[in-house]
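The sequence shown begins at 6 in our numbering and counts up by one.
Glycine included, every Cβ here is placed at the ideal spot set by N, Cα and C.
Note that the structure is a prediction, hence the values are computed from the model and not measured.
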Amino acid sequence: MVSPEVYGAANGDSAIPSQSDQSVQYNESPRHKFKKTISELQSVHSHNSGEPTDLEDKVSVLNTSMHSTNPATGSNKRNMTGLSNQGATCYMNSLLQTLYMTPEFRQGLYQWEYPKISPHVAENSVAHPNIELSQDSDDEVEDEKENIPLQLQKLFAKLQTTSKTCVDTKSLTRSFGWTGNDVFQQHDVQELCRVFLDALEHSFKGTCKEDFVNELYRGTLKDYVKCCTCGYESSRMDHFLDLSLVIRPFGMEDNAFTVRKIESLEKALEFFLKPEVLDKENQWKCDKCETKRDAIKGLKFHRLPYLLSLQLKRFDFDYNTMDRIKLHDRITFPKYLDMNSFLSNEEIKGDGASGDAELQSTHSRKKGQLARRISLERHELEVMQRRKVNGCSGTQDHDIEQKHREQDRSNLWPVQDEIDCEKTAQISSEDRVVDTWDPDFDVNGLFEEGPNVYELYSVLMHSGSALGGHYYAYIKNFENGKWYNFNDAHVSEITEHDVSVAFGGQSTNGNKYGYRSNYTTCAYMLMYRLLSSARNVNSVSKEEIPVYLKARIEQEESRFRLRERQQLERAKQIMLQVFVRGSYGQKVDKQILIYKDTTISEAVKVVFDTFKNDAASLTQQGITLPESLELVRLRRYNDYNGIALHTYDDRLFKTCQEIGISEGHQLLLESKEAKEEWEKFDEEKLQVFVKRYLPATAQCNDSSIKSRWIQIPQDSTVGELYETIRNKFNFTAAESNFRMLKRSYAAYSQNPITMLNPDNSPQTLALKLEDDLYIASGTDVIVEECQDPEAPSEAAKFYEKEANMINVNIRYSTLPTLAIRIDRRETVRALKNEIEKRICIPADQFKLLRGANTAGIELKAIDSTLYKLSIGNNNTIHVVEGIPLGVGEYNCRLMLYNRTAEAPSILAAPESSILPSELILRLTDQDSTLSFVQNIVIGEHMRVEDVRQQVWNIFVEKGCVQDCMTTQHIRLRDSRQGHLTGILVDGCILGKLMSFSLYEGRSIIAEILESPESKSLPHQVVTIALLDRSSWRFLHAKKKELIHQYNPENEESYKSNDLIDFLVRQSSSAFSIAPKFVQFARIPQFRQSINMLEAYTLEFSCASELAAQISTNSDPEFFLVIDSRVEATVWSEDDRRAIQASLKTVHSNNSSLPLLLNGPIDTISNESYRIKTKEVALVIRTAKAKSHAAISSSGSDSSNA
């Protein structure tokens, strides 16, 4: 239940409630006092006066209803309000503006009441309209946020009452259940219209507005099928909310009559109702004949809706290019649509008939000319089918046809004036073209045919192509009769001529084939309203807005105007960043807002008062300001370099705007002693900040100077700086001995403190500040008093420690972030000890990781300094429980290699089909042959036998080995780029193996052998596979891995020949091929796979020719082997296409298949394959459906644009 404070209503039509007891206080300057009450910000919309026009009869009201104005609203005096585009929501904005500008829809929506509002809430809102609401519109309860009708009510109420140029639709789309991705998806406006009206109908169930959508938009079509033999007719009633009209039929000829090019809305409707013949294989089973018969199938209007929505199907599919296109054919549409032409005497006359009994009786026997023509065409189809079925003679056929024509004519036309009717019957509807856009056109004449006359009031335009574009709407305001262009946030008035030329056709780019243009602008959807004095509503007053929305909207409007006024005032002001500095160099800054026309003297007072009001906080930070305003001044300041720049002493009475002080300027509030004189700024001199070091045990007079800005010539020496400081700080004779230290603010400086005068020798005092000691403007110089110049400097120790202190953020589990302040010269071990005190876990039980999360890099070198590990200020360290690793130790993944595992079939193929493994040969180790065992810790100092022993212990624990086995039955192997490489043999240290590198998360491959390991270094892994060139298939079972051992002392050529001999022997033995018939083709190293199209292009050679192509090293080699006695089958072009199609199928059904290098798509085929963006269905999730199902457009046949 919503609290009573949420909703409220104001008396009258005032856009902002009167709140004289509330005020808005702005920051003041000495010359500007700004205090405005909200009541001063109120503005009331003007209203028209006058009595409404009396409506005498149906015909006379038609001319006046289009221009009548409701004096209660006065909205024709104000500008129209737009809707902001959230990304790609132009289609939604066009539809929402159309619904809003439909008075009947808006009025009906206002009549719906939010069921969770209690009666006392509305009463309290009316009685106390000025009560401040306890919740803002963004803090609504969840039920309100998900309620689509409520959010639509609020949106319409804002459009009607706001003074903004546009309002946002975020609350409405949030009620749709849309996310940030949804508002950037392009959709079709007709698709949204169907889904949105369905969502509203679903939300209105069980309320007083349950039939609201159907009363306005639902019409009924009669879908009939009539037997050509017996005349039996079967029909059903279909409801519709809109009609999709074909504008370019598929095929231009029909067996009954020739279809001309559709050029108008009337012809599109006629084509929509055109009957068709069901014959041949499409025959219809007649229930009366109890067999299949030729039949006539068609549609008739049974009931017309009050609001007629018509979509022109401008999106089609081009079967030549296999792509969607947009049709820009010229389709004219009338201002007034006479739907009587499409109705016959057997069809109900629509919504208008129910309210006009007299007109209904007058025209009850009339039939529209287009309906008559469709009826005659239906009769011609029936005669044609009877002639074919019954074999009637020409005379009989003519008699039957003439009989039907006479019956139809007697039913369609009145008895009187028979001659005129015959003349009229000879005039086709194409010849009676009437321009309803003509200013002199009299709409009253259309009512002679019947009451079903519709007026166009909205044209939804689409600009762009079938792949994307932009929507906007031309909508008529029924209050003043004017048309407006609603283009998202921009609304402008247009003329009827602008609307009448939105038919499409010739492209604006001068293309004479404009109807085939892809990027065009034309009408896409048309909205008509029935002209009816009983139902037409031309305006909706603000009094009709639900009472529980008024107070909320009025207060939102009030806050908007208040923010608008504040923004205007803020434009007159500037935000300054003002600094003050303490004795030890600490800085405090404040953001201070002043007016641009404030003088410098006034600005000094504002800044001084602001800091004095926070004197207690400044004192805690070691900063003390003088008591008098005359002892401070403002200076230009550069915080990045720490430089105090020019002063404003000679411009105290000039304004900030005149001087050039703008938004974001940095200023320094400088102070002095009462007896001091302000030093004039000289930009040619060095600006040095000098501060006095006072140890905690030192006794210092509070009146002594602790820090000052000093300016000295750029060529000054150490001795001149020494004398300047002594005079500036008024040192006595007892204080005349002091050291000067320069502080560096470099973040990673090893020596932050430099002594300027380690001794007072003439050579030291003669050093140049800028050239020899690199002192520039903004340098901090520390003064330390000392009796013995050779004694260690306490100031140097203090500031060195301060310069090296950093804050490290520690994150552990769910605890809040811990901030530890530590010297970066300390070790990681010292940091762990500090963390141990905070989290109460022993230091040897947790690890420290650096990175964005707990998957970062572990800090293993605990005796290294934080500085050496580049851990700086505000770095984040993650704490993870576990045994920490030492230097050179890594967490590795132990994988078990199963040599007998077979590769899984990618596709489930029948016995007669080609298996994917026969077309694509994997060269890497598949996931099925490797299984994860567990993580193990391996160090660079470990020997291979130590790792083998650790792996053996794990396998024994898991029961993976037999009792008769030993550690020598475990073979350890390396893996690189998915390939198993060399064998790790005993006696080798992992960190010293050239081909083996340790890193975090790497894999160690273990294989359980049937016999003890016997391989030693050096050796090379070679894999061979058999290719059958007669059927061009890879024989996966004929793939074998070989390990060749060689003598490293032999020459390279000898080792290559030795490898070739080894390959010939092994291939001959494995594949049962005589050695002289064995031929090889070498595959490049570290390939992921090879397919049959690539294998077809390989050149095979004998063993002697292969020696020059290979080298003996630790990298694996792969060879394809063939039997030269087998004759290779030559592919035809069809064979090549079939193999290529099979490979594409394999790729599309196995996303994990590795990409092929120089695969069939790249080298064999020149086809280009474009990946099209997957379309997302438009979905609106109503509050009632969110827990079950959402209303979507999956069943819609509209094309997205």
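For the pair of segments examined, the stretch 887–897 was found not to touch the stretch 820–828: the number of CB pairs separated by less than 8 Å stays below three. An exposed status is given to N878, since fewer than 16 other beta-carbon atoms sit within 10 Å of its beta-carbon. Rounded to the nearest whole angstrom, the CA to CA distance from P339 to H192 is 27 Å. Here H467 is buried. Its C-beta has 16 or more other C-beta atoms within 10 Å.
Taken through DSSP and simplified to helix, strand or coil, P718 comes out as strand. Here T986 has R978, D979, S980, S1000, V1026, S1119, D1120 and P1121 as same chain residues with Cβ atoms under 8 Å from its own Cβ, once five neighbours each way along the sequence are excluded. Shown here, R843 sits in a helix according to DSSP, grouped into three states.
Rounded to whole angstroms, the gap between the alpha carbons of T769 and E775 is 14 Å. Separation of the CB atoms of K1045 and A1011 is rounded to 21 Å, and the pair is thereby denied contact status at 8 Å.
For the set V1131, D1128 and Q1145, the Cα lying nearest the Cα of S1137 is the one of Q1145.
Here S712 has S588 and K696 as same chain residues with Cβ atoms under 6 Å from its own Cβ, once five neighbours each way along the sequence are excluded. Across the structure, L636 and N838 are spaced so that their CA atoms are roughly 49 Å apart. A Cβ-Cβ distance of about 15 Å is found for the pair E950 and G996, leaving them out of contact under the 8 Å criterion. Where Q116 is concerned, the enclosing alpha helix (DSSP H) starts and stops at P108 to Q116. C-alpha of E206 to C-alpha of V218: approximately 6 Å in a straight line. Rounded to the nearest angstrom, the Cβ distance from K690 to Q719 is 7 Å, consistent with a contact under 8 Å. In this structure A494 touches L88 by the C-beta definition: roughly 7 Å separates them, less than 8 Å. Taking C-beta atoms as the reference points, S798 and M745 fail to come closer than 8 Å.
In the DSSP annotation of this structure, the continuous segment of the beta strand (DSSP E) that includes H651 starts and ends at I648 to T652. At the C-beta level, F245 and L226 come within 8 Å of one another.
E574 has its alpha-carbon roughly 16 Å from the corresponding atom of C661.
CA-to-CA, the gap between K290 and E238 works out to about 11 Å.
Along the length of the stretch 781–829, whole alpha helix (DSSP H) runs at least 4 residues long occupy 799–809, reported in chain order.
With respect to S1094, I941 sits apart: the two C-beta atoms are not nearer than 8 Å. If you draw a 10 Å sphere on the C-beta of I846, you find fewer than 16 other C-beta atoms in it, and that means exposed. Annotation for K677: L636 and W683 place their beta carbon closer than 7 Å to its own, counting only its chain and skipping 5 residues before and after. A distance below 7 Å between beta-carbons, with the five flanking residues on each side excluded, links K318 to the following residues of its chain, in chain order: S249, L250, V251 and I252.
Distance from the CA of G983 to the CA of T934, rounded to the nearest whole angstrom, comes to 12 Å. By the CB criterion at 8 Å, R1038 and I994 fall outside the cutoff.
Cβ neighbours of L202 within its own chain (closer than 8 Å, five residues either side excluded): V218, Y222 and L246. The Cβ atoms of T86 and C171 lie closer than 8 Å to each other.
Under the three-state reduction of DSSP, Y1051 is assigned to coil, being neither helix nor strand. With a threshold of 16 other beta carbon atoms within 10 Å, A1079 falls short and is exposed. Under the DSSP assignment, E675 falls in the beta strand (DSSP E) whose first and last residues are Q671 to S676. Listed in chain order, the beta strand (DSSP E) elements of length 3 or more contained wholly in the stretch 259–304 are 281–283, 289–291 and 296–298. Under the three-pair Cβ rule at 8 Å, the stretch 147–156 counts as touching the stretch 165–183.
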